[in-house]
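**Q**
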């Protein structure tokens, strides 16, 4: 069978996802409802009751969803201030990343990535037969814009920028530098998965710059990570091509209903974002005072931390045994770092206590 599969796919290193709740509960012997999940950058408050009510009251789950997501695109247009013709939906923003790579890459074409960053850019590029040109961030995890420009070759099609960056939480480069990169030729994809926490966006500039794209998601701020719904803001022609070539019913009915309910009930969702931002600041100060993890400044809903006391992997594993999950990345330059999602106040207290006990 393997002889029939494209050879380069057999060499792909798979994405390493976080451990599902049910699996972790079984591994550590802690009931699911008592686990404290701080490893996936999800919203600890979940979605508001209005969303659950909309899902419960919807009566047409037996009917295929709108393949063009027309009503949801109109609501996203109101939310973003961008015409609906520039918006395309995906089964999570991950799917939109894959769409772009399928559309733009021929075998051997290149993508510029600035690690450490979202590993999916690298993995999906290789799946599509592309080359990854790595331009590492500096010691402060800032993008070296001049190095990015120098790395572009005649077969470079896309530059990926997570903004704010995952896993580091900082927003680099500046808006001015991003716009400057659009003048270099390749598609510049700005992943604004944490926009609602940072307040930073280049979305309005898409209307004047055809090779600028913005990706966003409902997973982080809106509490819909399990339903998989993301969207992109593109040049109108690119959005049209995405709808011409995508899987027909890629965003399921439940995801569309939930996302529309979020946009129709913004105040309670935004209030939860505000609570997360307040708790992020409190957690940052508490960790600094404790002296075990040293957090970097963050513009997202998580803290990227240098381990000051103990070993990162051992701390992660020891916390998991207590029912608290945080993220470690086995990648160059990250072995002594941990990423902690901002939870509820009681999650912060439990984490601080557990850190004292395991180090």
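In our numbering, the protein residues as written are 890 to 1248.
We put the beta carbon where it would ideally sit given N, CA and C, even for glycine.
1. How about residue 1140 and residue 961: do their beta carbons lie closer than 9 Å?
2. Roughly how many angstroms separate the alpha carbons of residue 1211 and residue 1243, rounded to a whole number?
3. Alpha carbon to alpha carbon, how far is residue 851 from residue 1146?
4. Give the straight-line distance between the Cα atoms of residue 1088 and residue 1052, rounded to the nearest whole angstrom.
5. Return the CA-CA distance between residue 1076 and residue 1008, expressed in angstroms with no decimal places.
6. Pick helix, strand or coil for residue 900, following the three-state DSSP scheme.
7. Counting Cβ pairs closer than 8 Å, one from the segment 1202-1216 and one from the segment 911-928, do we hit at least three?
8. Can you tell which of 1115, 896, 1003 and 1073 has the C-alpha that lies nearest to the C-alpha of residue 1017?
9. When you compare the CB positions of residue 927 and residue 1240, do they come within less than 9 Å of one another, or not?
10. Would you kindly check if the distance between the Cβ of residue 1071 and the Cβ of residue 901 is under 9 Å?
11. Distance check for residue 1184 and residue 932, CA to CA, integer angstroms please.
12. Taking buried to mean at least 16 other C-beta atoms within 10 Å of its own C-beta, is residue 1084 buried or exposed?
13. The beta strand (DSSP E) spanning residue 1234 covers which residue range?
14. Quick check on the DSSP output: the beta strand (DSSP E) that includes residue 1226 runs from which residue to which?
15. Taking 8 Å as the limit between beta carbons, can you name the residues of its chain near residue 944, skipping five residues before and five after?
16. Quick check: residue 1086 and residue 1165, are their CB atoms within less than 9 Å of each other?
17. Excluding five sequence neighbours on each side, which residues of the same chain lie with their C-beta closer than 6 Å to the C-beta of residue 1019?
18. Between residue 1131 and residue 977, how many whole angstroms is the CB-CB distance? I'm expecting something under 8 Å.
19. Where do the N-terminal and C-terminal ends of the beta strand (DSSP E) with residue 1182 fall, by residue?
20. Mapping the DSSP letters down to three states, classify residue 1080 as helix, strand or coil.
21. Is it true that the CB of residue 1119 sits closer than 9 Å to the CB of residue 1098?
22. Taking the DSSP output, what are the residues bridged to residue 1102?
23. Closest to residue 1057 by C-alpha separation, out of 1248, 903, 1186 and 1238, would be which residue?
24. Just to confirm my understanding: we take residue 1197, look at its own chain, exclude 5 residues before and 5 after, and list those with CB closer than 8 Å. What are they?
25. Output yes or no for whether 9 Å exceeds the beta carbon distance between residue 1168 and residue 1117.
26. Would you mind listing the alpha helix (DSSP H) stretches within the segment 1109-1137 that are 4+ residues and don't spill past its ends, in chain order?
27. Can you give, in chain order, each stretch of the alpha helix (DSSP H) that sits fully within the segment 935-974 and has at least 4 residues?
28. Looking at residue 1095 and residue 1122, is the spacing between their C-beta atoms short of 9 Å?
29. Closest by CA to residue 1004, which one among 1134, 946, 1055 and 935?
30. Use the C-beta contact count for residue 957: other C-beta atoms within 10 angstroms, 16 or more gives buried, fewer gives exposed.
31. DSSP state of residue 1051, grouped into three classes?
32. Restricting to Cα atoms, I'd like to know which of 1021, 1079 and 1039 is closest to residue 1073.
33. Grouping DSSP H, G and I as helix and E and B as strand, with all else coil, what is residue 999?
34. In whole angstroms, give me the CA-to-CA distance for residue 1219 and residue 964.
35. Assuming contact is defined by CB atoms lying nearer than 9 Å, are residue 1109 and residue 1189 in contact in what I supplied?
36. Tell me which residues share the same chain as residue 947 and place their Cβ nearer than 6 Å to its Cβ, disregarding the 5 neighbours each side in the sequence.
**A** Reading from the atomic positions:
1. Yes, Cβ-Cβ distance for residue 1140 and residue 961 is below 9 Å.
2. 8 Å
3. It is not possible to answer for residue 851, since the shown part of the chain is limited to 890 through 1248.
4. Pairing residue 1088 with residue 1052, the inter-Cα distance amounts to about 11 Å.
5. 19 Å
6. coil
7. yes
8. 896
9. Yes, Cβ-Cβ distance for residue 927 and residue 1240 is below 9 Å.
10. no
11. 20 Å
12. buried
13. In the DSSP annotation of this structure, residue 1234 is not part of any beta strand (DSSP E); the continuous alpha helix (DSSP H) holding it starts and ends at 1234-1247.
14. 1226-1230
15. Excluding positions up to five away in sequence, the list reads 1143, 1146, 1147 and 1150.
16. yes
17. 994, 998 and 1000
18. 4 Å
19. Residues 1182-1184.
20. Here residue 1080 sits in strand by DSSP.
21. no
22. 1078
23. Comparing Cα positions, the closest option is 1186.
24. 1180, 1181, 1182 and 1183.
25. no
26. 1125-1134
27. Counting only runs of 4 or more residues that sit fully inside the segment 935-974, the alpha helix (DSSP H) segments are 938-946 and 959-969, in chain order.
28. yes
29. 1055
30. exposed
31. strand
32. From the listed residues 1021, 1079 and 1039, the smallest Cα separation to residue 1073 is found for 1039.
33. strand
34. 40 Å
35. yes
36. 1146
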